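Protein chains in written order, with my numbering: chain A, 3 to 169; chain B, 3 to 312.
Every residue, glycine too, gets a C-beta built ideally from N, C-alpha and C.
Note that this is a predicted model, so its numbers are computed, not measured.
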């Protein structure tokens with residue numbers, strides 16, 4: 003029997019649900035940080051990255067740090083501490099903390115994407131398209147625009163829990 | 003009889019790999035492994051060939067097969083190193099080099115992999131050191147000469163790179179890598195028409211060669227002195243992967259937000275608006291240049307042909 007060179011196939015069954023590594027990063031701009039982070043951590047497992055456990059731990063720690071900045075900003079703003087300490091410049095400090103919060107979660111996602119991008123790009127080049135990634139982005143936008151504002155009416159803290167979209 | 007068929011097929015595969023004809027090499031590997039499926043060496047070489055063709059899952063599988071048959075085969079570890087390098091795992095590839103150096107201190111395969119690692123990380127000094135060591139052990143080795151040439155062109159020494167690449171082409175006129183290297187040497191000397199010709203020659207022999215494709219793209223854009231600069235960002239992002247592009251987006255946002263916050267706070271609303279609209283215009287221009295660049299490259303890739311008279 004003639005020898006057959008192995009086909010280019012990912013090794014486990016759930017691999018077909020993996021998406022492009024950059025999709026959660028770009029989706030976070032329109033759908034919020036928390037779902038994008040969950041998506042990115044799950045993607046590491048679906049792609050079969052060697053360091054998927056490290057990535058999951060990093061996602062948890064990264065979330066705690068960045069959400070901490072958001073929570074601190076909300077607390078400082080609501081307690082009036084910003085104005086008390088910084089006076090008129092309090093508004094600027096608030097804006098800077100908001101920017102640091104936004105950039106912080108982009109950095110967390112960028113680090114996760116950086117560890118998945120080669121494998122995901124290669125998987126993409128094998129020909130199997132992953133259109134369901136767009137469905138996920140649409141769902142994220144719907145939740146971000148329809149559900150989160152409703153929840154926000156009851157809990158002011160939801161902004162830093164979810165991570166608001168910027169577009 | 004079986005042994006001679008196996009040897010002939012394996013030699014054919016190695017020759018085809020040296021010429022950069024990887025699809026031809028695959029057929030020879032299939033012949034060789036049909037004759038002798040338990041050859042660890044053939045599995046390992048096939049794995050290296052698959053890595054060069056960017057067939058990563060197959061490369062890992064074949065390297066693991068080779069090491070299951072012979073766990074101490076240096077070539078098996080080298081194959082695993084190449085498979086790691088193909089998935090962007092530079093650390094894993096370096097570990098393979100160290101392991102093979104322990105198994106086979108005088109071998110050349112670890113040096114070859116070392117050159118490839120240095121080439122992928124663009125470490126010019128390391129590339130030169132590894133290529134010189136390789137040339138010492140294997141004089142007249144085309145690959146070593148090509149690597150030395152690439153190290154010279156990375157260091158901006160175009161004339162030296164050209165001399166070395168011409169030497170490689172004298173030894174192996176049909177070697178795709180030698181054509182690519184002379185292309186990089188021309189590029190370093192700003193001879194863009196010739197570097198594009200060389201890239202097209204390399205692509206005619208090895209259509210999957212990504213760095214030859216990048217050389218063609220860079221040369222084609224440098225030839226368009228009036229409009230080429232508009233695609234600098236798109237070309238840079240193309241050469242440096244999505245990872246670098248995302249980092250650039252973060253830095254762009256950080257600068258924009260810092261400036262925007264300051265302008266807004268100190269009520270410079272006109273400048274704030276200029277920054278806002280300017281950044282959107284820049285982003286749209288960058289995205290547009292990606293689309294146009296890919297069209298230009300599609301057109302250029304139609305001209306793939308072999309040119310010998312540089």
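Every unbroken stretch of the alpha helix (DSSP H) spanning 4 or more residues and falling wholly within the stretch 70-122 of chain A is given here in chain order: 83-88. The Cβ-Cβ distance between residue 42(B) and residue 80(B) does not fall below 8 angstroms. It is roughly 24 angstroms from the alpha-carbon of residue 90(B) to the alpha-carbon of residue 151(B). Look at the stretch 166-232 of chain B and you find these whole runs of alpha helix (DSSP H), each 4 residues long or longer: 178-190, 194-207 and 212-225. Think of a sphere of 7 angstroms around the beta carbon of residue 90(B): the chain A residues whose beta carbon falls inside it are 120, in chain order.
The beta carbon of residue 24(A) sits closer than 6 angstroms to those of 115, all from its chain and outside the five residues before and after it, given in chain order. Against chain B, the CB of residue 27(A) has a partner CB under 8 angstroms away; the residue lies at that interface. Residue 123(B) does not reach chain A, its nearest Cβ partner there being about 14 angstroms away, counting only Cβ pairs nearer than 9 angstroms.
For residue 49(A), the nearest beta carbon of chain B is not closer than 8 angstroms to its own beta carbon. With its beta carbon less than 8 angstroms from one in chain B, residue 101(A) belongs to the interface.
Residue 156(B) is positioned such that its CB atom lies closer than 8 angstroms to that of residue 124(B). Excluding the 5 residues flanking it on each side, residue 105(B) has same chain C-beta neighbours closer than 6 angstroms at 76, in chain order.
Comparing C-alpha distances from residue 182(B) to each of 240(B), 88(B) and 204(B) shows the shortest one belongs to 204(B). When the Cα atoms are used, residue 261(B) and residue 280(B) turn out to be separated by approximately 13 angstroms.
Residue 20(A) sits in coil when the DSSP states are folded into three classes, being neither helix nor strand. Closest option to residue 209(B), judged by alpha-carbon separation, among 248(B), 34(B) and 306(B): 306(B). If you compare the alpha carbons of 7(A), 102(A), 28(A) and 98(A) with that of residue 143(A), the shortest gap goes to 28(A).
Comparing alpha-carbon positions, the option among 75(A), 109(A), 146(A) and 33(A) lying closest to residue 95(A) turns out to be 75(A).
Counting only Cβ-Cβ distances below 8 angstroms, residue 97(A) has contacts in chain B at 263, 266 and 267, in chain order.
Those residues of the stretch 223-253 of chain B placed with their C-beta closer than 9 angstroms to a C-beta in chain A are 243, 244, 245, 247, 248, 249, 251 and 252, ordered along the chain. In the DSSP annotation of this structure, residue 109(B) is not part of any alpha helix (DSSP H), being labelled neither H nor E.
The C-beta distance from residue 133(B) to residue 146(B) rounds to 5 angstroms, short enough to meet the 8 angstroms contact threshold.
The beta carbons of residue 197(B) and residue 213(B) sit no closer together than 8 angstroms. By the Cβ criterion, the stretch 6-17 of chain B is in contact with the stretch 27-39 of chain B, since at least three pairs of Cβ atoms, one from each stretch, lie closer than 8 angstroms. For residue 290(B), the enclosing alpha helix (DSSP H) begins and ends at 271-303.
Contacts with chain A at 8 angstroms (Cβ-Cβ) include residue 59(B). Distance from the CA of residue 146(A) to the CA of residue 252(B), rounded to the nearest whole angstrom, comes to 22 angstroms. Collapsing the DSSP output to three states places residue 246(B) in a helix.
In chain order, 5 make up the part of chain A whose C-beta sits under 7 angstroms from the C-beta of residue 35(B).
For residue 32(B), the C-beta contacts it makes with chain A under 7 angstroms involve 4, 5 and 7, in order along the chain.
Here residue 219(B) is not near residue 121(B), since their CB atoms are 8 angstroms or more apart.
A Cβ of chain A is located within less than 8 angstroms of the beta carbon of residue 259(B).
Cβ atoms of residue 217(B) and residue 186(B) come within 8 angstroms of each other, at about 6 angstroms. Interface annotation for the stretch 7-32 of chain B against chain A: 28, 31 and 32, criterion Cβ-Cβ distance under 9 angstroms.
Judged by their CB atoms, residue 112(B) and residue 92(B) are not nearer to each other than the 8 angstroms cut-off.
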